[in-house]
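First comes the structure, then the notes that go with it.
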Amino acid sequence: MQVTQKPRQANPLDVETFARPEQQRRYVAAMHRIAAERRPDTPVRVYVSASPKTVNDSNWERWLTRITEDLPDGVELLHYRSAFDGTAYDWNTLASQLDGLVVIGRPKRLGSRVHVLGPVARLELRSLIASKPVLLFTHNLGLVPAIDCMSQVMPPSEAPRLKLVAPKRWNRESSTLQAAMGALRPAFGDGTVADHLAAPFVVGVH
């Protein structure tokens with residue numbers, strides 16, 4: 003008697019991105035517009051959103067260095083201590099001056115793709131996700147655009163947190179990451195054209 007096996011169903015988590023193709027296309031187009039509108043010699047500021055526990059971790063400076071290395075040359079990196087040192091937390095004013103956001107969540111375990119953002123980081127992400135490059139910092143994958151992650155709002159309801167899951171088959175040559183990096187690359191002011199404007203995002207597609 004021949005036994006037929008049911009075909010194995012694809013794992014919905016085993017993907018390169020959780021974004022739909024149309025979402026990816028809209029995101030890449032938006033990042034291209036930001037890059038094209040970048041004025042020469044204007045600073046590019048990216049805020050690193052992290053909990054006090056993360057900022058006080060002995061690895062904090064090392065993580066900042068890695069984020070700096072992953073971002074385009076010339077990007078100015080800000081965080082809570084440098085942006086609000088001795089002043090009140092005024093996110094709305096700061097957000098209007100930012101060009102991008104990197105969020106550092108609490109990983110489920112060492113090397114996990116699952117990261118949980120606290121209530122403040124969730125609100126910071128929500129305020130910029132529709133208009134600026136927002137990236138999740140992961141220890142093993144590097145920077146992953148938030149649009150490529152699966153998100154889930156978590157309790158408590160009075161101060162909800164946000165779970166972001168990076169794709170299992172994340173590809174650092176993805177079109178979304180390349181577009182985000184282009185949107186964060188400072189423009190030259192000496193008459194030359196940045197590589198991302200001369201040949202926009204020719205490296206890597208899904």
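Just so you know, the sequence shown maps onto residues 3 to 208 in the working numbering. All residues carry an ideal CB built from backbone N, CA and C; glycine is no exception.
Quick check: the Cα distance between residue i and residue j, rounded to an integer number of angstroms?
i: ARG163; j: ALA37; result: 31 Å
i: THR178; j: TYR29; result: 7 Å
i: PRO45; j: LEU100; result: 10 Å
i: PHE86; j: VAL77; result: 19 Å
i: SER129; j: PRO147; result: 15 Å
i: VAL118; j: PRO23; result: 25 Å
i: ALA21; j: VAL50; result: 23 Å
i: PRO42; j: ARG187; result: 11 Å
i: THR70; j: CYS151; result: 21 Å
i: VAL205; j: GLN180; result: Note that VAL205 scores 32 on pLDDT, short of 50, meaning its location in the model is unreliable and no value can be drawn from it.
i: LEU112; j: VAL104; result: 19 Å
Which term fits residue i, buried or exposed, when burial requires 16 or more other beta carbons within 10 angstroms of its beta carbon?
i: THR95; result: exposed
i: ARG124; result: buried
i: ALA90; result: exposed
i: ALA161; result: exposed
i: LYS55; result: exposed
i: GLU175; result: exposed
i: GLU126; result: buried
i: GLN26; result: buried
i: GLY120; result: buried
Are residue i and residue j close, meaning C-beta to C-beta below 7 Å?
i: ASP72; j: GLY144; result: yes
i: ILE131; j: ALA52; result: no
i: MET33; j: ALA182; result: yes
i: PRO74; j: GLY102; result: no
i: ARG68; j: ALA189; result: no
Going by C-alpha to C-alpha distance, which of the options sits closest to residue i?
i: PRO157; options: CYS151, LYS165, GLY102; result: LYS165
i: LYS170; options: THR140, SER153, ARG115, PHE139; result: ARG115
i: TRP172; options: ASN142, GLU126, GLN154; result: ASN142
i: ARG47; options: LEU79, GLN25, TRP62; result: LEU79
i: TRP65; options: LEU138, SER153, VAL155, SER159; result: LEU138
For residue i and chain D, any beta-carbon pair shorter than 7 Å?
i: VAL50; result: Chain labels in this structure do not include chain D; a single protein chain is all it has.
What are the complete alpha helix (DSSP H) segments, minimum 4 residues, inside the stretch 61-145? Qualifying alpha helix (DSSP H) stretches, in chain order: 62-72, 82-85, 93-97, 121-130.
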